[in-house]
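Asks: Shown below is the structure under consideration.
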Ligand code: NAD
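Residue numbers (the working numbering): 1 to 343.
Here it is, written out as structure tokens:
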């Protein structure tokens, strides 16, 4: 099955990647293809797209995997490789990997020679339902997540659940945190079904991805530059990002979704006090997230404040949260003083 889902200026193709990539490339005459992979996607994912690259002139750039490499030194290496591979304004970059490859490869493409075209081929669950959609690109800087970046739409996003077959159970679960978030913020109808899924390995990913990415798709179309409603996607992320940065700096990195799972539990607690979420729903949400991720890590507000104070959504001295009014209903720009943030 192949579905073509329109976003604004581009389309998401959901189905076999060899077919979607061949179709997209057919419509764009290009001088050179540049494929960005990391060590894992080079082994696990590149073979799945090679059949669509036959008779094409392409160069593969391979970087080391994971968040610690989503930094300016790696980006410099990618720009150097783009230069020595002779990329021009008609070349196309294919970002084959998870959110790190998509964010950083997209950022490098969007800035190289003032911007060349790129295709997102997300290969983790997290990047398929979230990171690849919505045009946010960037790198971490000085320990701050996504501190340097731009907005730019890709040529296309090609999603194929087959990539999940080689993903580790821990990475699969990490991505599932964003699926949970999408249901909680805007698709309460999906919650009864989702909250009964415990065997992630055998879940019906095509259907789950289709429904989850629909939440993100609708929101980014309504508010591409995060002036209003797009901020609801930050539910769980204000504290989650700070938790992620804190553990990264202390040398015990959590996966993005693991930090977001903790952030969602803590922000669901704030939602009871500041957005009207019922205690019954809080318990329901916390129990389900903990059944998959375990108890959230204990962390003190003082450890998170340096990062919380840098949050791009803040207004003056107040920290801005997106919180739940109900399961499937959220509000944004809930401004809290530091003294009010307790979980
Ligand atoms: P990731 O890109 O680091 O991938 C996780 C790991 O899985 C890596 O080791 C990778 O090599 C490996 N991998 C990827 N695909 C694989 C496959 N099919 N089989 C086997 N191994 C595979 O991390 P992620 O969780 O995909 O993304 C996290 C990043 O996404 C963070 O940097 C976060 O800030 C970013 N993000 C961006 C947005 C956005 O809107 N731009 C939204 C959410 C998250």
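Backbone N, C-alpha and C define an ideal beta-carbon position, used for all residues, glycine too.
A quick note: this is a predicted structure, and the numbers were derived from the prediction, not measured.
Output needed for residue 135: all residues of its chain with C-beta closer than 6 angstroms, excluding positions within five of it in sequence on either side, in chain order.
Replies: 151, 152, 153, listed in sequence order.
Asks: Between the alpha carbons of residue 234 and residue 142, how many angstroms are there, rounded?
Replies: Distance between the alpha carbons of residue 234 and residue 142 is about 21 angstroms.
Asks: Are residue 173 and residue 200 close, meaning C-beta to C-beta below 7 angstroms?
Replies: It is a contact, given that the beta carbons lie within the stated cut-off.
Asks: Can the beta-carbon of residue 121 be found closer than 7 angstroms to that of residue 96?
Replies: A contact, by the Cβ cut-off of 7 angstroms.
Asks: If the criterion is Cβ atoms closer than 7 angstroms, does the pair residue 92 and residue 33 meet it?
Replies: In this structure, residue 33 lies closer than 7 angstroms to residue 92 by Cβ.
Asks: State buried or exposed for residue 115, treating a residue as buried only when at least 16 other CB atoms are found within 10 Å of its CB.
Replies: Result: exposed.
Asks: Examine the ligand NAD and report whether any of its heavy atoms sits within less than 6 angstroms of the Cβ of residue 142.
Replies: No, the ligand NAD has no heavy atom inside 6 angstroms of this Cβ.
Asks: Thinking C-alpha only, which one of 140, 168, 216 is nearest residue 180?
Replies: Considering only alpha carbons, the answer is 216.
Asks: Do you know how far the Cα of residue 69 is from the Cα of residue 310?
Replies: Computed Cα separation, rounded: 21 angstroms.
Asks: Any heavy atom of the ligand NAD closer than 6 angstroms to the Cβ of residue 136?
Replies: Checking every heavy atom of the ligand NAD against the Cβ of residue 136, one is found closer than 6 angstroms.
Asks: Taking the CB atoms as reference points, tell me whether residue 185 and residue 232 lie closer together than 7 angstroms.
Replies: It is a contact, given that the beta carbons lie within the stated cut-off.
Asks: Name the residue from 243, 40, 133, 175 whose alpha carbon lies nearest to the alpha carbon of residue 352.
Replies: Absent from the structure is residue 352, since the part of the chain shown begins at 1 and ends at 343.
Asks: On the three-state DSSP scale, how would you describe residue 328?
Replies: The answer is coil: DSSP assigns residue 328 none of H, G, I, E or B.
Asks: Any heavy atom of the ligand NAD closer than 6 angstroms to the Cβ of residue 44?
Replies: Yes.
Asks: By DSSP's criteria, residue 139 is part of a beta bridge. Which residues make up the other side?
Replies: According to DSSP, residue 139 bridges with 148.
Asks: Cβ of residue 214 versus every heavy atom of the ligand NAD: is any distance shorter than 6 angstroms?
Replies: No; taking the cut-off as 6 angstroms, the Cβ of residue 214 has no heavy atom of the ligand NAD nearer than that.
Asks: Under a Cβ-count criterion, where at least 16 other Cβ atoms within 10 Å of its own Cβ denotes burial, should residue 123 be classed as buried or exposed?
Replies: So residue 123 counts as buried.
Asks: To which residues does DSSP link residue 112 through a beta bridge?
Replies: Per DSSP, none; premise fails for residue 112.
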